[in-house]
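K.L.:
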Amino acid sequence: MLIRDSSILAVRRNGYDIMYPALRDCRCHSSTCSVRRESRGRDDAFLRSPRMPIWEELLDAIHDKQPVSGLTHSFYKYPARFSPAFARQMILAFSKPGELVFDPFMGGGTTLVEACALGRSAIGTDINSLSVFLAETKTSMFTRAEIGHLRSWAYDLIPKLNLRRRSVHAREWAELGYQRNISGRSTWPIRKTLELALRSVQQLESKREQKFARCALLRTAQWALDCREDIPSASEIRKRFLFFVTEMIDGARQFTTTVRKNGMNPKIVCLHRSAIGIEAERAIKEYGAPALILTSPPYPGVHVLYHRWQVLGRRETPAPFWIAGTLDGAGGSFYTFGDRKQDRLLKYYGQARLAFTSVAKMASSETIIVQMVAFSEPRWQLRSYLKVMEDCGLTEVKHPQLTNHTDGRVWRSVPNRRWYADKGGATGGSKEVVLFHKRA
Ligand SMILES: C[S@@+](CC[C@H](N)C(=O)[O-])C[C@H]1O[C@@H](n2cnc3c(N)ncnc32)[C@H](O)[C@@H]1O
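So the sequence shown is residues 0 to 439, counted in numbering that gives the first Met the number 0.
#1: Looking only at its own chain, which residues have a Cβ that is under 8 Å from the Cβ of Thr192, when we skip the five neighbours before and after it?
#2: Alpha carbon to alpha carbon, how far is Ser128 from Ala439? Give it in angstroms, no decimals.
#3: For Thr219, which residues from the same chain have a beta carbon less than 7 Å from its beta carbon, with the 5 sequence-adjacent residues on both sides left out?
#4: Tell me the DSSP secondary structure of Leu270 in three-state form.
#5: Please classify Pro399 as buried or exposed, where buried requires at least 16 other C-beta atoms within 10 Å of its C-beta.
#6: By DSSP's criteria, Ser412 is part of a beta bridge. Which residues make up the other side?
#7: One question on the structure: do His306 and Asp327 come within less than 8 Å of each other, judged by their Cβ atoms?
#8: Anyone know if the C-beta pair for Ser82 and Asp59 falls short of 8 Å?
#9: Under 7 Å Cβ to Cβ from Glu135, same chain only, skipping five residues before and after it: list those, please.
#10: If you draw a straight line from the C-alpha of Ser429 to the C-alpha of Gly392, how long is it?
#11: Taking only the alpha-carbon atoms, compute the straight-line gap between Lys95 and Asp406 and give it to the nearest angstrom.
#12: Which class does Phe336 belong to by DSSP, given the choice of helix, strand or coil?
#13: Less than 8 Å separating the beta-carbons of Ile90 and Leu293?
#14: Indicate whether Glu278 and Ser357 have their beta-carbon atoms separated by less than 8 Å.
#15: Given this structure, state the Cα-to-Cα distance separating His436 from Thr366, to the nearest angstrom.
#16: Which ranges does the alpha helix (DSSP H) cover as unbroken runs of at least 4 residues, wholly within the stretch 288-333, from first to last along the chain?
#17: What does a CB cutoff of less than 8 Å around Leu344 pick up in its chain, not counting 5 residues either side in sequence?
#18: According to DSSP, what are the bridge partners of His436?
#19: State yes or no: is the C-beta of Glu145 within less than 8 Å of the C-beta of Val167?
#20: In angstroms, rounded to a whole number, what distance separates the CA positions of Phe374 and Val409?
#21: Counting C-beta neighbours from all protein chains within 10 Å, is the total for Tyr154 16 or more, i.e. buried, or is it exposed?
#22: Comparing C-alpha positions only, which one of Val369, Lys386, Leu385 sits nearest to Leu401?
#23: Hey, would you say the C-beta of Ile122 is under 7 Å away from at least one heavy atom of ligand 1?
#24: If you measure between the beta carbons of Pro265 and Cys115, is that distance less than 8 Å?
#25: Applying the criterion that 16 or more other CB atoms from any shown protein chain within 10 Å of the CB defines a buried residue, is Gly276 buried or exposed?
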């Protein structure tokens with residue numbers, strides 16, 4: 000349920016409100032303006048923290064299954080992404096405004112978006128160039144002029160998306176295989192629409208605007224191609240594109256307004272690199288230890304396609320990289336700490352050990368490390384996972400107020416992952432647990 004008053008947009012979920020400053024705000028720029036003063040007062044109250052964790056809110060947020068919305072979260076459906084409510088409550092509970100939040104496996108950038116919206120600085124790393132593209136785009140702050148350019152670009156583009164026009168064939172990308180499985184009888188109109196649209200992206204002045212435009216096309220193409228049996232017509236795609244652009248512009252404005260209102264000037268760093276060795280990264284030396292490390296690593300035994308879409312059933316395409324203008328790193332196991340079919344997941348745990356050794360070196364004795372981890376076979380996989388954490392010098396912290404299981408932890412079953420199940424469908428019943436650690 001959406002509640003609007005003059006200065007707050009509240010999304011009511013599970014009996015509590017998640018508040019974002021409303022889109023409409025006084026624009027008089029007067030330092031004595033009562034509307035601005037009042038809304039600033041409310042934001043300060045909203046940003047209070049760290050506070051005593053409100054355990055019920057944390058539990059609700061862990062189980063949050065609402066459709067992802069608000070700020071820039073709807074820019075793309077990154078597989079296995081956090082619920083924003085989960086990230087938000089963890090950041091509120093375990094860090095202060097102005098402090099640093101780090102996500103070593105940032106994926107779609109949920110942690111970074113929520114951290115900045117709450118006045119924290121944020122660093123994220125990921126080996127997937129698509130993730131870095133998304134996190135940068137979703138945390139970009141746009142001026143009113145840039146928003147105007149983007150709106151005009153989108154509306155001017157529609158009449159140009161005529162399938163009878165000659166497109167510039169993206170030959171190099173095609174030769175490298177990035178258009179695999181999107182040139183068939185029902186899919187070619189989408190490929191051609193994208194080719195026509197991508198040509199126009201260069202007209203936008205700044206890199207930031209160009210990335211936003213590519214992201215709007217990415218979102219539209221994901222809707223049209225990924226995990227669906229029927230391919231929509233070119234005219235349906237044009238309509239959807241305008242719908243997504245409008246929604247994304249609202250989200251970008253909401254994000255920019257929220258960050259500016261906090262007056263905290265958060266720093267945002269998105270790095271295209273592995274978490275392994277992150278402690279030696281020059282680009283982040285100056286930031287010191289994060290107050291909170293909030294993350295979800297690749298999951299043991301769970302097959303998630305971070306880098307492909309599944310077209311017409313199980314035909315995979317790397318087209319998202321072509322649309323984003325970034326390069327794919329390698330095959331699926333590159334993004335998942337190894338092949339899920341390896342014996343006892345030895346490669347997986349080896350990579351996890353290296354990554355968390357580095358993550359632990361980033362932490363101080365005060366840093367809280369919160370992870371959401373899914374398992375296909377929790378019984379033995381969790382034990383091995385906890386052993387890796389221990390080997391990396393991390394001690395588990397249990398919160399007696401935060402449990403729904405006899406093991407003293409909080410578990411949730413994973414919704415909607417069937418499309419990313421492997422051929423045997425083994426991941427349909429995977430479960431996620433929230434783990435808290437500190438440096439030993
Ligand atoms: C479960 S997803 C993270 C989703 C994220 N929490 C979100 O809200 O979108 C795990 C991510 O880890 C990334 N990854 C895998 N190996 C990595 C490594 N060695 N270093 C950094 N990132 C890695 C994958 O590319 C993937 O994006």
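Just so it is clear, CB atoms sit at the ideal spot from N, CA and C, and this is done for glycine as well.
P.N.:
Quick answer:
#1: Leu160, Leu162, Ala233, Ile236, Arg237.
#2: For Ala439 and Ser128, the distance between alpha carbons rounds to 33 Å.
#3: Ile236, Arg239, Phe240, Phe243
#4: Of the three classes helix, strand and coil, the one that applies to Leu270 here is strand, per DSSP.
#5: exposed
#6: Lys430
#7: Their beta carbons are under 8 Å apart, which means His306 touches Asp327 by this criterion.
#8: no
#9: Lys210, Cys269
#10: 27 Å
#11: For Lys95 and Asp406, the distance between alpha carbons rounds to 30 Å.
#12: coil
#13: Against a cut-off of 8 Å, the Cβ pair of Leu293 and Ile90 comes out as a contact.
#14: yes
#15: 9 Å
#16: 318-323
#17: Pro299, Gly300, Gly337, Gln380, Ser383
#18: Answer is Ile368, Glu395.
#19: no
#20: 14 Å
#21: exposed
#22: Val369
#23: no
#24: yes
#25: exposed
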